[in-house]
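**Student:** Using this note's numbering, the first residue of the sequence shown is number 3, and each one after it goes up by one. Yeah, the Cβ is synthetic: ideal placement off N, Cα and C, and Gly gets one too.
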Amino acid sequence: MSSEKMSAAIKVVKSGDKATGTRLLADILQDEPANETAWIWLATCVEEVEKKRYCLQRALAINPGNPIYKIALEKLEVPPQPNLDDTHPDVKTVIPPAESTYPLEIIYKRWASIYFLMTILAVIVLAWILIRWSFHKSNNRRIP
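1) Given a cut-off of 8 Å, decide if alanine 10 and leucine 31 are closer than it, judged by their beta-carbon atoms.
2) What is the rounded straight-line gap between the Cα of isoleucine 12 and the Cα of leucine 123?
3) Between which two residues does the alpha helix (DSSP H) carrying proline 69 extend?
4) Taking the alpha-carbon positions, what's the isoleucine 70 to alanine 36 distance?
5) Leaving out five residues before and five after glutamate 49 in sequence, what residues of the same chain have Cβ atoms less than 7 Å from its Cβ?
6) Roughly how many angstroms lie between the CA atoms of isoleucine 64 and cysteine 57, to the nearest whole one?
7) Could you check the C-alpha separation between serine 4 and glutamate 79 for me, to the nearest Å?
8) Can you tell me whether alanine 21 is helix, strand or coil according to DSSP?
9) Ordered along the chain, which non-local residues of its own chain (more than five positions away) have a Cβ less than 7 Å from that of lysine 20?
10) Measure the C-alpha to C-alpha separation of valine 51 and alanine 45 and round it to an integer number of angstroms.
11) Determine the direct distance from the alpha carbon of alanine 114 to that of alanine 61, and round the result to whole angstroms.
12) Is the Cβ-Cβ distance between alanine 40 and methionine 8 less than 8 Å?
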């Protein structure tokens, strides 16, 4: 049931309804306070830096070995840079697009599929080598 709730919450957040997503994720976290995925998705829903920091700290407490959470927390600590239009109104700058806010679960799934394909390829190559080696060995036997 929790995975169904989580899927529904993720779908709502992806559709852009962060208020409903926040409410659904809060319900999930009330039942499962140690749900790392829910904390990360909640961090993407809230706008206030303090709330984002709290969500990331909770996820980091659940999974302290995750370096991505630490990096995200460090980025929250960096003070915002002054707007160049305010300091130099005659300078037109091109602002690069903001970093992706996709939750880490999507990133992990992408890498997991790459690792899976690499493993399958390694097994195929190893099997091919073993078959070639056994064929070569069987052709070189001496008859007593």
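**Tutor:** Answer, in terms of the structure:
1) no
2) 33 Å
3) 69–79
4) Rounded to the nearest angstrom, the two C-alpha atoms are 18 Å apart.
5) none
6) 11 Å
7) 33 Å
8) Correct three-state label for alanine 21: helix.
9) Sequence-distant Cβ neighbours of lysine 20 in its own chain, meaning closer than 7 Å and more than five residues away, are Cys47.
10) 9 Å
11) 20 Å
12) Going by beta carbons, alanine 40 and methionine 8 fall inside the 8 Å limit.
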